[in-house]
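Take a look at the structure set out below.
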Amino acid sequence: MSDTNRPDTRIAGAGTVSGGTYGEVMIAGAGTVRGDVDCLAFKVGGVADVQGTLTAQTITVGGSASFMGDVKGTDVVFSGNADVHGALSAESLKISGVARIDGAVSAPRIDIRGTTKIGGDCEAETFDAQGVFSVGGLLNAGVVTIKLYGGCDAHDIGGETIDVRLAQPWVFLPFMGDRNLTADAIEGDTIYLESTRAKVVRGANVTIGEGCTIDLVEYTGTLTGSAGVVASRKVTNPTA
Amino acid sequence: MEPELISKKDLLLTCGISYGQLYRWKRKGLIPEDWFVRKSAFTGQETFFPREKMLARVERILSMKDEDASLDEIAEAVSSAPLPDTFSRDDLLEGDVVSAAALDLFADRHPGSAELRFAELLAVAVADTLLRSGDAGRDEALAAIATLEEGWTACEATSCDLVLLRKMGVSVVLIVSSVSELLVETDVRVVARVNLPERIEVLKSRLKSQERGVRS
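Here the protein sequences line up with chains Z and X, keeping their order.
Here the first sequence is numbered in this note's numbering, starting from 3 and rising by one per residue.
Here the second sequence is numbered in this note's numbering, starting from 5 and rising by one per residue.
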């Protein structure tokens, strides 16, 4: 990846990298990045403190990293511990470790296998969660697939297909506590819910599975299952 | 004045669109973030939209979809994504964004400036509309440019129209709010009324298609 305009840099012990344009930035020890960085690959195996914004094609955090500003990448993989104080945007975001993003998250493909806390809105075409997550704002995705391994929540959820199921763990999970999803409003075209608490669920075809508590379901097509549904109504005529 | 609002539910029923579609459009940036107005209702928080703007936007999106435009193309056409700061005369002519005649008017007013800022370009574009339709003469088009250059900052935030009035051969150019009705004396003729937000959208979509042309 060496290039005169994009030099590679590597911190193996303890060190500081100044902001700028790089090829590969590799932090294996403990490193501080001062300023905004634009690089092709950003890899953290140790501990990194990025005191600016980061723009990179691939971002891999296997160790622990904290980002003061926005993070923008094509392929972002957080398998360690990542803390983003700004917003995060990517083409593909995979979180298998522990991640906290204070701002908004936007990526066509989001896979969550670990624990994730998002402060702002979360937008994706495909949102696939098999872990624990919290979205402070709106979770808006074309296809939302959630397998509950723990307590998950979002302020609101909207999309085309929303599918929430209790995970069928193939190992015993004694420390997981309650496994459920909490949201104010869930709105979509096709909705399937299990173990969900929501104030209102609106959609075309709604299926309410086991373990739900829903104050109100509004549907235009069909409603299947009614256990835990306090009130439901079919919405048909705009003038009614 | 607070614009009339429409609830999300009513919007979907009125326009025959689904929640999924609406959320998709939101993700694609087809509907501006600040159009989503959250209000508390008896079922908790509900989302409302500015009625007129939203209905017009949905209609536009649906009609563009009928023409087989992709969502990205629609997003480009309706978005308020940043444009370059200035536009050169040559690029504008090459892309057929505005006519040479309208640009010449501007050049007469500001000799020696080859680059136009967006507000100036809008003024030229409005003058272009007036000239092309044959509604306005050269002097009137010039007056329109002058009025917009001075008044643009005041009306940028709200929806305004540029109006050309004529009485016994004397013409007046003014900018009024889009919602206001004009009551004029009997000899006065409203020659032209150009809705500025609409003109801006047309202008932007031309600029963007030009950009695409340059890229490809």
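Note that beta-carbon positions come from the ideal geometry of N, C-alpha and C, so glycine has one too.
Checklist entry - Can you tell which of Z:135, Z:202 and Z:196 has the C-alpha that lies nearest to the C-alpha of residue 188 of chain Z? => result Translated into positions along the first sequence, residue 188 of chain Z becomes position 186. Cα-wise, what sits closest to residue 188 of chain Z is Z:202.
Checklist entry - How close, in whole Å, do the beta carbons of residue 149 of chain X and residue 187 of chain X come, if the pair is a contact with beta carbons under 8 Å? => result Locating residue 149 of chain X in the second sequence gives position 145, counting from the first residue. Locating residue 187 of chain X in the second sequence gives position 183, counting from the first residue. About 27 Å separates the two Cβ atoms, so there is no contact after all.
Checklist entry - Closer than 8 Å, CB to CB, is residue 93 of chain Z near chain X or not? => result Taking the first sequence and counting its residues from 1, the one referred to as residue 93 of chain Z is at position 91. Taking Cβ atoms only, chain X never reaches closer than 8 Å to residue 93 of chain Z, which makes this a no.
Checklist entry - Based on the DSSP output, what are the partners of residue 19 of chain X in its beta bridges? => result Position 15 of the second sequence holds residue 19 of chain X. According to DSSP, residue 19 of chain X bridges with nothing at all.
Checklist entry - For residue 174 of chain X, which of helix, strand or coil comes out of DSSP? => result Locating residue 174 of chain X in the second sequence gives position 170, where the first residue counts as 1. Looking at residue 174 of chain X - three-state DSSP - the assignment turns out to be strand.
Checklist entry - So which residues of chain X does residue 204 of chain Z contact, with C-beta pairs closer than 7 Å? => result For the purposes of this step, residue 204 of chain Z is taken as the residue at position 202 of the first sequence. Within chain X, the residues near residue 204 of chain Z are 23.
Next on the checklist: On the CB-based measure, 16 or more other CB atoms within 10 Å of its CB, does residue 75 of chain Z come out buried or exposed?
Outcome noted: The residue you call residue 75 of chain Z lines up with position 73 of the first sequence. Under this definition residue 75 of chain Z is a buried residue.
Checklist entry - Rounded to a whole number of angstroms, what is the C-alpha to C-alpha distance between residue 119 of chain X and residue 151 of chain X? => result Position 115 of the second sequence, counted from the first residue, corresponds to residue 119 of chain X. Position 147 of the second sequence, counted from the first residue, corresponds to residue 151 of chain X. Answer to the nearest angstrom: the Cα atoms are 19 Å apart.
Checklist entry - Which residue spans inside the region 33 to 74 of chain X form an unbroken alpha helix (DSSP H) run of at least 4? => result Qualifying alpha helix (DSSP H) stretches, in chain order: 55 to 70.
Checklist entry - Name the DSSP beta bridge partners of residue 130 of chain Z, please? => result As a first step, residue 130 of chain Z must be located in the first sequence, where it is residue number 128. Note: residue 130 of chain Z sits in a beta bridge opposite Z:113 and Z:147.
Checklist entry - chain Z beta carbons: is any one of them nearer than 8 Å to that of residue 31 of chain X? => result One-based indexing of the second sequence puts residue 31 of chain X at position 27. Chain Z contact via Cβ: present.
Item to check | Three-state class that DSSP yields for residue 21 of chain Z in the structure shown | outcome: Here the question's residue 21 of chain Z lines up with position 19 in the first sequence. If DSSP states are grouped into helix, strand and coil, residue 21 of chain Z belongs with the strands.
Next on the checklist: Using the Cβ count rule (16 or more neighbours within 10 Å means buried), how would you classify residue 22 of chain X?
Outcome noted: Within the second sequence, residue 22 of chain X is the residue found at index 18, counting from 1. That one is buried.
Next on the checklist: Taking beta-carbon pairs under 7 Å, can you tell me which members of the region 152 to 169 of chain Z lie near chain X?
Outcome noted: 160, 161 and 162
Checklist entry - Between X:184, X:153 and X:175, which lies nearest to residue 165 of chain X when the distance is taken from Cα to Cα? => result Reading the second sequence from its first residue, position 161 is the one you call residue 165 of chain X. Checked all of X:184, X:153 and X:175; the closest Cα to residue 165 of chain X is X:184.
Checklist entry - Under 8 Å between C-beta atoms, does residue 43 of chain X make it to chain Z? => result In the second sequence, counting from the first residue as 1, residue 43 of chain X sits at position 39. Not closer than 8 Å to any Cβ of chain Z, the Cβ of residue 43 of chain X fails to qualify, so no.
Next on the checklist: Could you tell me the alpha carbon to alpha carbon distance between residue 191 of chain X and residue 172 of chain X, rounded to whole angstroms?
Outcome noted: Reading the second sequence from its first residue, position 187 is the one you call residue 191 of chain X. Reading the second sequence from its first residue, position 168 is the one you call residue 172 of chain X. Whole-angstrom Cα-Cα distance: 7 Å.
Checklist entry - Taking the continuous beta strand (DSSP E) assigned at residue 227 of chain Z, which residues delimit it? => result As a working note, residue 227 of chain Z is residue 225 in the first sequence. Note, residue 227 of chain Z: premise wrong, no beta strand (DSSP E); not H, not E.
Next on the checklist: Can you give me the C-alpha to C-alpha distance between residue 120 of chain Z and residue 90 of chain X, rounded to a whole angstrom?
Outcome noted: Position 118 of the first sequence holds residue 120 of chain Z. Position 86 of the second sequence holds residue 90 of chain X. When rounded, the distance between both Cα atoms is 38 Å.
Item to check | Short-range partners of chain X found in the region 138 to 151 of chain Z, where Cβ spacing is below 7 Å | outcome: 142 and 144
Item to check | Spatial distance of residue 20 of chain Z from residue 83 of chain Z (CA atoms) | outcome: Here residue 20 of chain Z refers to the residue found at position 18 of the first sequence. Here residue 83 of chain Z refers to the residue found at position 81 of the first sequence. Residue 20 of chain Z and residue 83 of chain Z: Cα-Cα distance of roughly 22 Å.
Checklist entry - With 16 other CB atoms within 10 Å as the buried threshold, where does residue 100 of chain X fall? => result The residue given as residue 100 of chain X occupies position 96 in the second sequence. The residue is exposed, with fewer than 16 neighbouring Cβ atoms inside 10 Å.
Checklist entry - Using the beta-carbon of each residue, which ones in chain X are nearer than 8 Å to residue 88 of chain Z? => result The residue labelled residue 88 of chain Z in the question sits at position 86 within the first sequence. Chain X residues near residue 88 of chain Z: none, gap ~17 Å exceeds 8 Å.
Next on the checklist: Please classify residue 198 of chain Z as buried or exposed, where buried requires at least 16 neighbouring CB atoms within 10 angstroms.
Outcome noted: Your numbering for residue 198 of chain Z matches position 196 in the first sequence. Buried, since its Cβ has 16 or more Cβ neighbours within 10 Å.
Item to check | Close-in-space but distant-in-sequence residues of the same chain around residue 175 of chain X (CB under 6 Å, 5 per side omitted) | outcome: For the purposes of this step, residue 175 of chain X is taken as the residue at position 171 of the second sequence. 144, listed in sequence order.
Item to check | Residues that residue 190 of chain Z contacts on chain A, provided the C-beta gap is smaller than 8 Å | outcome: No chain A appears in this structure, whose protein chains are Z and X.
Item to check | Where residue 204 of chain Z falls: helix, strand or coil (DSSP) | outcome: One-based indexing of the first sequence puts residue 204 of chain Z at position 202. Here residue 204 of chain Z sits in strand by DSSP.
Next on the checklist: Below 8 Å on C-beta distance, what does residue 13 of chain X contact in chain Z?
Outcome noted: Counted from its first residue, the second sequence places residue 13 of chain X at position 9. Result: 204, 220 and 237.
Checklist entry - Under the three-state reduction of DSSP, which class applies to residue 53 of chain Z: helix, strand or coil? => result As a position in the first sequence, residue 53 of chain Z is number 51, starting the count at 1. For residue 53 of chain Z, the secondary structure class from DSSP, reduced to helix, strand or coil, is coil.
Checklist entry - Since residue 104 of chain X sits in a beta bridge, which residues does DSSP pair it with? => result Position 100 of the second sequence, counting from 1, holds the residue named residue 104 of chain X. Paired residues: none, contrary to the question.
Next on the checklist: Quick check: what's the CA-CA separation for residue 72 of chain Z versus residue 11 of chain Z?
Outcome noted: Counting from one through the first sequence, the residue named residue 72 of chain Z turns up at place 70. Counting from one through the first sequence, the residue named residue 11 of chain Z turns up at place 9. Distance between the alpha carbons of residue 72 of chain Z and residue 11 of chain Z is about 21 Å.
Checklist entry - With distances taken between CB atoms, is the gap from residue 123 of chain Z to residue 148 of chain Z smaller than 8 Å? => result In the first sequence, counting from the first residue as 1, residue 123 of chain Z sits at position 121. In the first sequence, counting from the first residue as 1, residue 148 of chain Z sits at position 146. One thing to note: residue 123 of chain Z has its Cβ no nearer than 8 Å to the Cβ of residue 148 of chain Z.
Checklist entry - From what residue to what residue does the alpha helix (DSSP H) around residue 93 of chain X run? => result Walking along the second sequence from the start, residue 93 of chain X turns up at place 89. Taken as a continuous stretch (DSSP letters only), the alpha helix (DSSP H) holding residue 93 of chain X covers 93 to 98.
Next on the checklist: Is residue 196 of chain Z close to chain X? Criterion is C-beta to C-beta, closer than 8 Å.
Outcome noted: As a first step, residue 196 of chain Z is located in the first sequence; it is residue number 194 there, counting from the start. No, because no Cβ of chain X sits closer than 8 Å to the Cβ of residue 196 of chain Z.
Checklist entry - According to the Cβ coordinates, are residue 227 of chain Z and residue 209 of chain Z closer than 8 Å? => result The sequence position of residue 227 of chain Z within the first sequence is 225, counting from 1. The sequence position of residue 209 of chain Z within the first sequence is 207, counting from 1. Taking a C-beta distance under 8 Å as the contact criterion, residue 227 of chain Z and residue 209 of chain Z qualify as a contact pair.
Item to check | Under 9 Å from the C-beta of residue 26 of chain Z: neighbouring residues of chain X | outcome: To locate residue 26 of chain Z, count along the first sequence from 1; it is residue 24. Neighbours of residue 26 of chain Z in chain X, taken as residues whose beta carbon is under 9 Å from its own, are absent, since the nearest beta carbon is some 30 Å off.
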